[in-house]
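The UniProt record's numbering applies: residue 1 is where the sequence shown begins, and numbers increase by one. Idealized CB from N, CA, C, for every residue including glycine. One structure is given here, and the rest of the page talks about it.
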Amino acid sequence: MKIVIALPLLALTLLLAGCGGEARREGPLDPRMVERLGAVTLDPAQAGRILNAYRASHGLGPVRPDPRLMAMAQRQADAMVAKNALSHEAGGRFAARVEAAGLDSSRIAENLGGGYFSVEEAFDGWRKSPGHDANLRMREATRYGIALSKDPRSSYRAWWVLVVAAEPEARVTLGDGDRAPQPR
Numbered sequence: 001m002k003i004v005i006a007l008p009l010l011a012l013t014l015l016l017a018g019c020g021g022e023a024r025r026e027g028p029l030d031p032r033m034v035e036r037l038g039a040v041t042l043d044p045a046q047a048g049r050i051l052n053a054y055r056a057s058h059g060l061g062p063v064r065p066d067p068r069l070m071a072m073a074q075r076q077a078d079a080m081v082a083k084n085a086l087s088h089e090a091g092g093r094f095a096a097r098v099e100a101a102g103l104d105s106s107r108i109a110e111n112l113g114g115g116y117f118s119v120e121e122a123f124d125g126w127r128k129s130p131g132h133d134a135n136l137r138m139r140e141a142t143r144y145g146i147a148l149s150k151d152p153r154s155s156y157r158a159w160w161v162l163v164v165a166a167e168p169e170a171r172v173t174l175g176d177g178d179r180a181p182q183p184r
């Protein structure tokens with residue numbers, strides 16, 4: 001009888017352990033890797049130039065940096081490092097994070113990346129992924145936020161988040177206090 005109860009408990013324990021991300025690296029770190037990771041930086045303006053050049057090559061308009069999107073991206077990058085998990089859910093459900101950031105956008109998308117040691121590598125990876133590439137080329141996008149978080153003991157070491165969004169929808173307050181999109 002104990003074996004019958006123990007097997008489901010073991011399965012549940014293993015399932016829950018998998019939700020926390022991968023285990024962090026133990027022991028001494030390779031000094032060359034630590035030095036290489038230390039050299040990884042993010043210049044949001046450079047990222048904007050890369051993104052806008054790519055969008056222009058597809059006949060799309062430019063995007064500009066947005067402080068709220070930058071903060072949202074940084075919170076997500078830090079959450080992924082903390083959980084050691086490349087996941088849109090690391091910092092909470094995407095819709096909840098959008099709302100918590102005070103964003104009201106008709107279109108918003110997020111690209112995640114891990115293990116890239118430069119902003120150029122991150123964008124190259126996103127361009128090669130159909131879903132991420134579609135976000136880079138979102139026609140309605142006018143704003144972006146990008147972030148980098150690092151931890152040499154984590155699985156990817158360098159964690160990237162890019163958020164692109166359209167302009168917020170104009171809203172009107174209805175008689176009972178509800179808000180609704182305003183017709184354009």
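Item                                                                                                         : Value
Stretch pair the region 161-171 + the region 90-107: three plus CB contacts closer than 8 Å                  : yes
A11 burial status per 10 Å Cβ neighbour count (16 or more: buried)                                           : Note on A11: pLDDT 36, under 50, position unreliable in the model; the coordinate value appears next. A11 is exposed by the Cβ-count criterion.
Delimiting residues of the beta strand (DSSP E) encompassing L136                                            : Per DSSP, L136 belongs to no beta strand (DSSP E); it is in the alpha helix (DSSP H), P130 to L136.
Close beta carbons around A6, own chain, < 7 Å, minus the five adjacent residues each side                   : Bear in mind that a pLDDT of 35 at A6, under 50, signals an unreliable position, so the number given afterwards is only what the model happens to contain. Cβ neighbours of A6 beyond the five flanking positions: none.
Beta-carbon proximity of S91 to Q74, cut-off 7 Å                                                             : Residue 91 is actually Gly in this sequence, not Ser. No.
According to DSSP, residues forming a beta bridge with S149                                                  : W159
Other residues of its chain near A47: CB distance less than 6 Å, five sequence neighbours each side excluded : V119 and I146
Cβ-based burial, R93 [other Cβ within 10 Å; buried from 16]                                                  : exposed
Boundaries (first-last residue) of the beta strand (DSSP E) holding N111                                     : I108 to G114
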